[in-house]
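To convert a position in the sequence shown, counted from 1, into this note's numbering, add 533.
The structure under discussion appears below in the form of structure tokens.
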Amino acid sequence: MAPSTFNSNVFITHITTATAIVEIDGVRFITDPIFDDAMPKKYDAAPLLPQATGPVLMERSEGPAIDIKQLPFIQGVLLSHEDHFDNLDETGRQLLISRPVFTTPDGKRNLSEYPEVKALQAWKTLTHRWEGEQWSITGVPCVHLPGGEVTGFVLHKETFGYQPDGRPNVFYFTGDTILLPDVVSKLRERFHVVVALMNLGNAHAPYPDEKATPQQITMSGEDAAKMFRGLGADVLVPMHYDHWTHFTEGEESLRETFEKHGIIDQVAWLSSGKQVMIV
């Protein structure tokens, strides 16, 4: 349940992977837009893996639940990182045109042909006005694959309200990251997270060398439960756990984990292509 001081409504429509429409009081954001279809499709991840000595294939089994041409008007883009094909693809780049895009400093440099791209530094805040209200967007540190920048996002506006201790109520999108206890502690110190949209799947970077230990690059269900408890958040929204071969935990496993940790009643599950009211 959202706190009584939170006077906003949050709806989320999951499209694929880490792509979702987050609608808050009529303002629509899209996260990590990928809209290529023609599935199943194989990708070579070797260029992203310094240790790779040959092709490293990852397969995606389903395309987007909503075609890019069928999207409602999108006011802003939350792009956790621009350099991975499962977070931004060629079709998804259409959404970087003529609307503010919040991403990493590397992302701003690499997407310099799009004038509305803004660099979000860790723990720094940018502001923007939508529908007559000022929003703040704060960058949150992430650790994903070595060598690339990734950011999470904390969103706030006045109708979200504040806790009695003065902390603002916020919406948090993790982006692609492993669990970082120090980050969780700092988030709890600075904010009260009402909705935590988490990229899960317990994804591991594949390697062609069978003797190499795959590297964890996104959170597991156990990690999500620890983060949720550590944040003191109100609602956990899992996504980013199906249709890719590098994901190792799906919905069934997540449900079991959340049941074990006693948080299942605080979890809001998304439905592919359908709008779900979160709070």
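For glycine and all other residues, C-beta sits at the position ideal for the given N, C-alpha and C.
Owing to the predicted nature of the structure, the values given are computational and were not obtained by experimental measurement.
Check                                                                                                                                                                            : Outcome
Could you spell out the range, first to last residue, of the beta strand (DSSP E) harbouring Met810?                                                                             : Gln808 to Met810
Can you give, in chain order, each stretch of the beta strand (DSSP E) that sits fully within the stretch 704–749 and has at least 3 residues?                                   : 725–732
On the three-state DSSP scale, how would you describe Gly672?                                                                                                                    : strand
With H, G and I counted as helix, E and B as strand and the rest as coil, what does DSSP make of Arg788?                                                                         : helix
With DSSP run on the structure shown, which of helix, strand or coil describes Pro638?                                                                                           : helix
Between Ile548 and Ile599, is the Cβ-Cβ spacing less than 8 angstroms?                                                                                                           : yes
Report the rounded CA-to-CA distance for Val687 versus Phe780, giving the unit in angstroms.                                                                                     : 25 angstroms
Enumerate in chain order the residues of its own chain whose CB-to-CB distance from Val560 is below 7 angstroms, with the five nearest sequence positions on each side excluded. : Gln608, Trp663 and Glu664
By Cβ distance, which residues of its chain are closer than 8 angstroms to Gln696, with the 5 residues on each side in sequence left out?                                        : Pro536, Thr538, Asn702 and His725
Express the C-alpha separation of Asp767 and Ala655 in angstroms, rounding to a whole number.                                                                                    : 24 angstroms
Taking CB distances under 8 angstroms as the criterion, tell me whether Gln748 reaches chain D.                                                                                  : No chain D is present in this structure, which holds just one protein chain.
Go ahead and pull the three-state DSSP assignment for Gln799.                                                                                                                    : helix
What residues in its chain sit with their C-beta under 6 angstroms from that of Phe704, if we drop five residues either side in the sequence?                                    : Leu688 and Val728
Looking at the secondary structure, which residues open and close the alpha helix (DSSP H) in which Met534 lies?                                                                 : Where Met534 is concerned, there is no enclosing alpha helix (DSSP H), given that its DSSP letter is neither H nor E.
Note down the Cα distance separating Ser753 from Gln667, rounded to an integer number of angstroms.                                                                              : 34 angstroms
Within the continuous alpha helix (DSSP H) that includes Gly754, where are the two ends?                                                                                         : Gly754 to Leu764
By how many angstroms is the C-alpha of Leu733 removed from the C-alpha of Thr746?                                                                                               : 19 angstroms
CB Phe706 to CB Ala758, shorter than 8 angstroms?                                                                                                                                : no
Going by DSSP, what residue range makes up the beta strand (DSSP E) through Lys657?                                                                                              : Here Lys657 belongs to no beta strand (DSSP E), and DSSP marks it neither H nor E.
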